[in-house]
Amino acid sequence: MDQIQGVTQDTSGTYCKSPFTLASKESCVLKLNITQAVFGGPIICEQVPNCPNCHLECYQPSPNALLNISQGGAVNIGGSYGGGTVACLNGGLNNLIAATADNSTGVVWAPNNTPTNAMSNTNGAENTAIIVNTLGAGNYAAKICSDYAVDASGNPCTPGSSGCYDDWFLPAGNNLTSSGQLNCLYTNRNAIGNFVNAGYWSSTENNNGLYDGAYFQSFINGNQGTVVKSNSTRVRCVRAFTP
6 MDQIQGVTQD TSGTYCKSPF TLASKESCVL KLNITQAVFG GPIICEQVPN CPNCHLECYQ
66 PSPNALLNIS QGGAVNIGGS YGGGTVACLN GGLNNLIAAT ADNSTGVVWA PNNTPTNAMS
126 NTNGAENTAI IVNTLGAGNY AAKICSDYAV DASGNPCTPG SSGCYDDWFL PAGNNLTSSG
186 QLNCLYTNRN AIGNFVNAGY WSSTENNNGL YDGAYFQSFI NGNQGTVVKS NSTRVRCVRA
246 FTP
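Be aware that the sequence shown starts at 6, since it is given in my numbering, and climbs by one per residue.
Below you can see the structure in the form of structure tokens.
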């Protein structure tokens, strides 16, 4: 089955396996677990032997039988959803799901002063991509979020696999705006849960000409400021969603 965001296949009992092989006129029941709104599919493809991502021919239901499932019930801050906890519902870039716990209790923003030009104070996904593309491999805040991948139950999963949420990023924000993603986490910290009285990294770099600092926010009093990139600070990753 081709991957559909928010859909996982139940292969227990007599249901279709993954992958599954059917002889002529043979059938099996495809059971799906759905955790968010879905429009279209499922798509079943013939797989090239020894090449998991190579497809020969794909099939799907007629247009009238395609999946068309709207989200049921209210989505509330603090509720479990999309691999984490609903954190922000302020619209646009501030519709966020947060990881259920800190992704690091202390890690550097960057191992050196290499400028990344991750300057957005509102778009952490954009910043995270820029940082990782610039710095590459290593153990640092943005890379931890970029590598994070869990299923709907919060269990680790393989990026790119069906039902795996692998689009996490380090939230943005600086001390010039109260509408940043990181500040939204601070505002809703009690409902989200599992924060501590410490500083948390923003993905926003401080453009001070030296490129030696990045923004963070204190979850003690909400103050925002900058520290050197080699400082060890906590990380809570987020992902965007459409309520």
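Glycine included, C-beta positions come from ideal geometry on N, C-alpha and C.
Beta-carbon separation (whole angstroms), residue i vs residue j, contact threshold 8 Å
i: Trp173; j: Tyr145; result: Actually they do not touch by this definition, with Cβ atoms about 14 Å apart.
i: Gly88; j: Ala157; result: 6 Å
i: Ala104; j: Cys189; result: Not confirmed; about 14 Å, so no contact.
i: Val112; j: Ile102; result: That belief does not hold up - the Cβ atoms of Val112 and Ile102 are roughly 21 Å apart, past 8 Å.
i: Gln229; j: Gly178; result: 7 Å
i: Gly129; j: Ser208; result: 5 Å
Same chain, Cβ closer than 7 Å to residue i, five either side skipped, listed in chain order
i: Ala106; result: Asn199
i: Pro120; result: Tyr216
Residue i, enclosing alpha helix (DSSP H) - first and last residue
i: Val137; result: 129-140
i: Lys30; result: Counting along the chain, Lys30 falls outside any alpha helix (DSSP H), and DSSP gives it neither H nor E.
i: Ser151; result: 146-152
With 16 other Cβ atoms within 10 Å as the buried cut-off, status of residue i
i: Tyr170; result: buried
i: Ser184; result: exposed
i: Pro54; result: exposed
i: Cys21; result: buried
i: Ile225; result: exposed
i: Thr247; result: exposed
i: Val137; result: buried
Start-to-end residues for the beta strand (DSSP E) that takes in residue i
i: Thr238; result: 238-240
i: Gln14; result: 12-15
i: Val155; result: No beta strand (DSSP E) contains Val155, which DSSP labels as neither H nor E.
i: Ser125; result: Per DSSP, Ser125 belongs to no beta strand (DSSP E) and is neither H nor E.
i: Asn52; result: The question names Asn, yet the displayed sequence has Gln at residue 52. Run containing Gln52: 49-53, per the beta strand (DSSP E) assignment.
i: Ala79; result: Careful: Ala79 lies outside any beta strand (DSSP E) and carries neither H nor E.
i: Lys36; result: 36-39
Cβ-based neighbour list, residue i, same chain, cut-off 6 Å, excluding 5 preceding and 5 following
i: Lys36; result: Asp15, Tyr20
i: Gly204; result: Phe221, Ser223, Thr238
Neighbourhood of residue i by C-beta distance below 8 Å, restricted to the same chain and skipping five residues each side
i: Glu51; result: His60, Leu61, Glu62, Cys63
Along the chain, which unbroken stretches of the alpha helix (DSSP H) at least 4 residues long are found entirely within the segment 187-220? 194-197
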